[in-house]
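One structure below.
2 protein chains.
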Amino acid sequence: MDFHTEFKPLTVQPQEIEGKSFEIITEELGEHPFTEEQYPIVQRVIHASADFELGRSMVFHPDAVEAGIRAIREGRKIVADVQMVQVGISKPRIEKFGGSVHVYISDPDVIEEAKRLNTTRAIVATRKAVKEADGGIFAIGNAPTALLELIRLVKEGVARPGLIIGMPVGFVSAAESKEELAKLDIPFITNVGRKGGSTIVVAAVNALSIMAEKRG
Amino acid sequence: MDFHTEFKPLTVQPQEIEGKSFEIITEELGEHPFTEEQYPIVQRVIHASADFELGRSMVFHPDAVEAGIRAIREGRKIVADVQMVQVGISKPRIEKFGGSVHVYISDPDVIEEAKRLNTTRAIVATRKAVKEADGGIFAIGNAPTALLELIRLVKEGVARPGLIIGMPVGFVSAAESKEELAKLDIPFITNVGRKGGSTIVVAAVNALSIMAEKRG
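Chains A and B, in that order, are what the protein sequence lines are.
The first sequence begins at 1 in the numbering used here and counts up by one.
The second sequence begins at 1 in the numbering used here and counts up by one.
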C-alpha cells in the first residue's frame, strides 16, 4: 500500500490497553455486591458497554458461573439468539473444549414454521435450539420473545439448559422477560432493567470461556 | 416438533413492539437538540441501547445525514471495523441500491501485514478499506486505533470517506478518538464519551438505510 507516511510501531500494545481498562473499571466501580467468581463477568460487561449502571444491574443465580464454566469445558453447544451474538463469541477457546456456537433464527425451516404459525422466528428458533442444544448455554441479547419461550419450556420441564444468559435490550418486554428469568431455579445470568444487548451477552460468554481456559 | 403445549398466535406483532418502543423513546426523551433529520438516528440508537444518555451524547456534522443517505442511494461500499457490525447491518435495503457491506480485519493479507509491522489489524484493515472503499461509509464501533488511523489519513488527504460513523466503546483511547473525529470538516456521526459499540453503530447505519429507502 502506498501512503504518504509509514506505519509507526505501536507504543501501547492491545493487551496493555485491555489491562489498563480493567484497572480503571475496578477503581471506578469501587465496592460492589459480586462474588470473586462473578466479578470477571461484570468487569467484561462494563468493558464492553462503558456502563457501570449496567454492570451493577447484573444478577446471578448462585450456580451460574460454575455451570457456565462446566458447560464450556464439557464442550456443550452455545446457542445465540441472533447472528451478531454468534460472530462476537470468541471461537478458539470454545472449540478447544469441543464446543461450538449456533444460531437458528435464519434457518429456512424456522422461517417457514414461524410464518405458518404466525409467531416470531425467535420463538421457533428457541424451540429448535431446545431440541438440538439442550444442556448448553443459551445466550440471548435481543429477543425477549425467545427468552420468554425458553422460560416457558423450562417451567414445563421440556427444556433443561445448562445456563441461560438472558440480557435482551429494549423498551417493550425486555425488562419483564428478565424478571421472569430471575425467578427460575436453574443457572442464569441476567440484569435488571431495559439495558443489555448483543455485545453485553458476548462479553459474558467470553468472560466465562476465559475462566474455563484458566482451569487448564 | 413435539412440545407439551401448542404455539399461540402472537397478540402483539413485532412491528407494533417497535412502534410502541419508538413512542416511549420520544416521550421519555422530551426536548432534545437534534434536527428532524438527525432524530431518527438518535431514536434508533436509544432503541438499541435503552440508554438516553448515550443518545443525547451524539454529535453530527451538519452534512452527515444527507451524506449518509446519498452514499447508500449511490450504492457506495459500507466498511465495518469488526464482523459484529457487518452482520448486524440490514442488507436488503443496502443491496437494493447496489451497495454492500465489507469487513477487512480478518483478511489473511491484513493479519500478515499487521504482524510484519507490529501494529494492530484494525489499523491495517483501515488502510485496506481506504484503498478499496473510499467514498463509502466507515462504520467503526470497536477499534479506536482504526478510527484514529482513518482520521490521520483524512488529514493527509489520502482518505475521502463519504461518511464516518465513529462510536467505539472503551476506557482507553475511545473518547479521545471521537474528540478527534468531531474536529474534522467532513461528514461524521459520533458521540461524546466512552460509550458506543457495535450495536450502536449498526443502529445508526440501519436508520440511515431506512431513510434512504423512504426517499423512494
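Glycine is no exception: its CB is placed at the ideal position from the N, C-alpha and C atoms.
All of these numbers come straight from a predicted model, not from anything done at the bench.
Cβ of residue i within 9 angstroms of any chain A Cβ
i, result
"B/SER209", "no"
"B/ASP134", "no"
"B/ILE111", "no"
"B/MET1", "Below a pLDDT of 50, predicted positions are generally treated as unreliable, and B/MET1, at 47, falls in that range; no measurement from the model is reported."
Exposure label - residue i; buried when at least 16 CB within 10 Å
i, result
"A/THR26", "exposed"
"A/ALA212", "buried"
"A/GLY19", "exposed"
"A/ASP109", "exposed"
"B/GLN86", "buried"
"B/GLY30", "exposed"
"B/GLU113", "buried"
"A/PRO33", "exposed"
"A/PRO62", "exposed"
"B/ARG116", "exposed"
"B/LYS155", "exposed"
"B/PRO187", "buried"
"A/ARG215", "exposed"
"A/LYS183", "exposed"
"B/SER209", "buried"
"B/THR258", "Nothing in the structure corresponds to residue 258 of chain B, since chain B is present only between 1 and 216."
"A/LYS131", "exposed"
"B/ASN299", "In the structure as shown, chain B starts at 1 and stops at 216, and residue 299 of chain B therefore has no counterpart that could be examined."
"A/ASP2", "Confidence at A/ASP2 is low in this model, with a pLDDT of 48, below 50, so its placement is unreliable and the value that follows should be read with caution. The residue in question, A/ASP2, is exposed, as its Cβ has fewer than 16 Cβ neighbours within 10 Å."
Check whether residue i and residue j have beta carbons under 9 angstroms apart
i, j, result
"A/ILE301", "A/ILE165", "Since the displayed chain A opens at 1 and closes at 216, residue 301 of chain A lies outside it and no answer follows."
"A/THR199", "A/MET58", "no"
"B/GLY135", "B/LYS77", "yes"
"B/VAL79", "B/HIS102", "yes"
"B/LEU153", "B/ILE189", "no"
"B/PRO161", "B/LEU150", "yes"
"A/GLY55", "A/GLY75", "no"
"A/GLU28", "A/PHE52", "yes"
"A/VAL172", "B/SER21", "yes"
"A/ILE69", "A/ILE94", "no"
"B/ILE105", "B/ALA133", "no"
"A/VAL202", "A/ILE89", "yes"
"B/VAL45", "B/ALA204", "yes"
"A/GLN287", "A/ALA207", "The shown model of chain A, from 1 to 216, leaves out residue 287 of chain A, and the question about it has no answer."
"A/ALA50", "B/GLY170", "yes"
Min CB distance residue i to chain B below 9 angstroms
i, result
"A/VAL202", "yes"
"A/VAL205", "no"
"A/SER198", "yes"
"A/HIS4", "Residue placement at A/HIS4 is poorly supported in this model, since its pLDDT is 49, which falls under 50; the coordinates still yield a value, given next. It does: the Cβ of A/HIS4 has a partner Cβ on chain B nearer than 9 angstroms."
Heavy atom of the ligand FMN within 8 angstroms of residue i beta-carbon
i, result
"B/ALA50", "In the structure on display, the ligand FMN does not appear, and there are no ligands present to speak of."
Could you name the residues of the region 84-108 of chain A whose beta carbon sits closer than 7 angstroms to any beta carbon of chain B, in the order they occur along the chain? MET84, VAL87, GLY88
Using a Cβ-Cβ cut-off of less than 8 angstroms, list which residues of the region 166-196 of chain B approach chain A; keep chain order. VAL169, GLY170, PHE171, VAL172, SER173, ALA174, GLY193, ARG194, LYS195, GLY196
Taking contact to mean at least 3 C-beta pairs separated by less than 8 angstroms, is the region 122-133 of chain B in contact with the region 146-153 of chain B? yes
Using a beta-carbon distance cut-off of less than 8 angstroms, what residues from the region 34-60 of chain B approach chain A? HIS47, ALA48, SER49, ALA50, ASP51
Closer than 8 angstroms, Cβ to Cβ, to anything on chain A: give me those residues from the region 16-27 of chain B, in chain order. ILE17, LYS20, SER21, ILE24, ILE25
Are there three or more Cβ pairs, one per stretch, closer than 8 angstroms when the region 32-45 of chain A is compared with the region 188-198 of chain B? no
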